[in-house]
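Have a look at the structure below, then the notes.
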Ligand SMILES: [Zn+2]
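Residue numbers (the working numbering): -12 to 129.
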């Protein structure tokens, strides 16, 4: 077996159960968020929107929550992709350039689909589209 394949197999083993666990946590989390968001909409209509200022801040909170839910959904998609790549034996290879993703990066970000170089390039592109900084920071912590 090629040395690279041995290294990747070693990294991939264990990561799938970690990813499965993260996926079920996120799914539960999202169900909770969606439940909350529904409750929130009712509450806004009932009592919170007493004047324009309140309406504005409630709306801002709502949109931040929506952004977070959107981000969790994105992570969920990436976890699914990572699990698919384990199945295909492609786990640990950059989706963009095919280079090996460093083991330390995969330990920190088990669902990383790109090498640091490609991910940085992609984040720069997102920043150019004015992605909110809070989301970028959260995304890099996940
Ligand atoms: Zn790459």
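Cβ atoms here follow ideal geometry from the backbone N, Cα and C, with glycine treated the same way.
Looking only at its chain, what residues have a beta carbon closer than 8 Å to the beta carbon of residue 13, apart from the 5 residues adjacent to it on each side? 59, 62, 63, 66
Give me the Cα-Cα distance between residue 53 and residue 26, rounded to the nearest whole angstrom. 14 Å
From the DSSP secondary-structure annotation, give me the bridge partner or partners of residue 87. 80
Assuming residue 115 is part of the alpha helix (DSSP H), what are its boundary residues? 103 to 115
With three or more C-beta pairs closer than 8 Å as the rule, is the segment 17 to 24 touching the segment 86 to 104? no
Comparing alpha-carbon positions, which option in 44, 16, 43 lies nearest residue 56? 16
Thinking C-beta only, is residue 2 closer than 8 Å to residue 73? yes
Assuming residue 70 and residue 6 form a contact by the criterion Cβ under 8 Å, report the distance between their Cβ atoms to the nearest whole angstrom. 5 Å
For residue 113, does the count of other Cβ atoms within 10 angstroms reach 16, so buried, or fall short, so exposed? exposed
Closest to residue 24 by CA distance: which of 10, 46, 11 is it? 46
Cβ of residue 86 within 7 Å of any heavy atom in ligand 1? yes
According to DSSP, simplified to helix, strand and coil, what is residue 11? helix
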